[in-house]
Structure formats: structure tokens, C-alpha cells
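See below for the structure under consideration.
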Amino acid sequence: MTNKEYLLDANIVIKIWKVCPHLFKDMKKARNLDFKISRYIAEELSIKEFTKFNGVQVLTERFLELLDHIIDVEIDDVSQLYPCNESVKSDLKKDIHIKEYNLKEDIHIRKYGSVKGAHIIKYDSQKNIYIINENKISKGDFSLIYACEVNKDYILVTEDKRLLSSAKFILDPAKVMNFDEFMEDLQVSLSYALY
Numbered sequence: 001m002t003n004k005e006y007l008l009d010a011n012i013v014i015k016i017w018k019v020c021p022h023l024f025k026d027m028k029k030a031r032n033l034d035f036k037i038s039r040y041i042a043e044e045l046s047i048k049e050f051t052k053f054n055g056v057q058v059l060t061e062r063f064l065e066l067l068d069h070i071i072d073v074e075i076d077d078v079s080q081l082y083p084c085n086e087s088v089k090s091d092l093k094k095d096i097h098i099k100e101y102n103l104k105e106d107i108h109i110r111k112y113g114s115v116k117g118a119h120i121i122k123y124d125s126q127k128n129i130y131i132i133n134e135n136k137i138s139k140g141d142f143s144l145i146y147a148c149e150v151n152k153d154y155i156l157v158t159e160d161k162r163l164l165s166s167a168k169f170i171l172d173p174a175k176v177m178n179f180d181e182f183m184e185d186l187q188v189s190l191s192y193a194l195y
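If you want it as C-alpha cells, here you go:
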């Protein structure tokens, strides 16, 4: 049975490859740990993970280690988690289509002690970005937060400051870590000195 499941951003995977290249193998051996990578992140990583073998382009061994841990995250219907207020805001040059999603009351209460004030997630369909607490993040980055909302066992790990801030705004802050916090958590879980 898995006790901890980490959802890793691309910057974390790259840092693991550089700092502690055997970590993924160690995590696979542990029964109480697992890691996941979204298909979006895997596609982003795969672009630079080709090498020539007998004159043929093949994926690197370190990338192939990730294949069993790739998950699909679909965020086509965010309104299943958050109520939607769809609006079109006019600009002299163009119409901007904005969807606003209200955060759940329990998030308001956890963050602010009440449900007063409109705390929302905005989606700009023209720029294909989400705006959370004044942080602009890509749809791919938002999909990581969304995956953690849908699967309460996931712990998001990223070094992206905007994603980190946005995730802590929406998720329980204990479910969001940077690289150093992740390594400390693993050190305890694996009883293994990683540095």
C-alpha cells in the first residue's frame, strides 16, 4: 500500500536527474512511496530526452524509467470542482472570454476563517492561462493543481514560484512542497541520506 504519492513538476524531475540520479529507482523499491508525472509534463520532458543508438533516435533510459508513472490529467470540466461564472469582458480591441471559478467554502474557511470575499480562479481562453491569487500559470501547470484536488493522496512538488503560490492558495499547504521539502520528506520516508 502506498502512503505517499508525489506529483512531480518537470523542474523537479530534471533536478532529481542532476542531483540524485538514483532516487527514482530508490522510490520504486519503497513500498510506501510512489511518484506520478502528468502526460503533459512527460511530453515536455521527452523533447530533450532523445539519444542516438545505432543511428536511431531513442528515448533515454532515465526517461523510460518514468513511463510506468505517467498519468492523464483532463481539466476540461473544472466546473465539476468549482462553480463557474462565465463572462465576456469587452475591450476596445477585442472581446476577452473569462471564466471565473469560485473556490469552495471549505477553502475560504481554511484560508481566511470565513467565506466573505470573492476568491476565484480565472481562466482566460484567449491566452490559455489561469489566474490564481494574481499568479498567471499555464493550463498545464493548473492541471497539476487540479490533479491534486481530484486525488487527495497526491502531494504536488515544484520549484515554480507561481505554481507553488497558486497551489498553496487552493490546496492544503501540507500537500505542496518545493524540492528541499520533498527531499526532507523522502529522507524520513526512505530512512536514507540523499545528500
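Counting in the UniProt record's numbering, the sequence shown runs from 1 upward without gaps. Just so it is clear, CB atoms sit at the ideal spot from N, CA and C, and this is done for glycine as well.
The DSSP-derived three-state label of N11 is helix. About 5 Å separates the beta carbons of E49 and T60, which is inside the 8 Å limit, making them a contact pair. Judged by beta-carbon spacing, I155 lies beyond the 9 Å limit of D180, meaning their Cβ atoms are not closer than that value. Bounds of the alpha helix (DSSP H) holding V150 are K139 to V150.
A contact is defined here as three or more CB-CB pairs under 8 Å, and the region 23-33 fails this definition with respect to the region 141-149.
DSSP places V188 in the uninterrupted alpha helix (DSSP H) bounded by F179 to L190. Between S38 and G140, the C-beta gap is smaller than 9 Å, which places the two residues in contact. Here the region 161-170 makes no contact with the region 13-29; the two share fewer than three CB pairs at distances below 8 Å.
Close CB contacts of N178 within its chain, under the 8 Å cut and outside five residues either way in sequence, are with V157, T158, E159 and L164 (chain order). D9 is classed as buried because its beta carbon has at least 16 other beta carbons within 10 Å across all chains shown.
Residue nearest to A42 within the set N3, W17, F53 and F63 is F63 (criterion: CA-CA distance). Looking at V73, L190, D172 and E134, the one whose alpha-carbon comes closest to that of K36 is V73. According to the DSSP assignment, S125 belongs to no alpha helix (DSSP H), since it is labelled neither H nor E.
By the C-beta density criterion, S143 is buried, having at least 16 other C-beta atoms within 10 angstroms. DSSP places I41 in no beta strand (DSSP E) but in the uninterrupted alpha helix (DSSP H) bounded by R39 to S46. Rounded to whole angstroms, the gap between the alpha carbons of Y130 and K136 is 6 Å. DSSP lists I132 as the bridge partner or partners of N135. Of the other Cβ atoms in all chains shown, fewer than 16 fall within 10 Å of the Cβ of F53; this residue is therefore exposed. Using a Cβ distance threshold of 9 Å, S189 and K4 count as a contacting pair.
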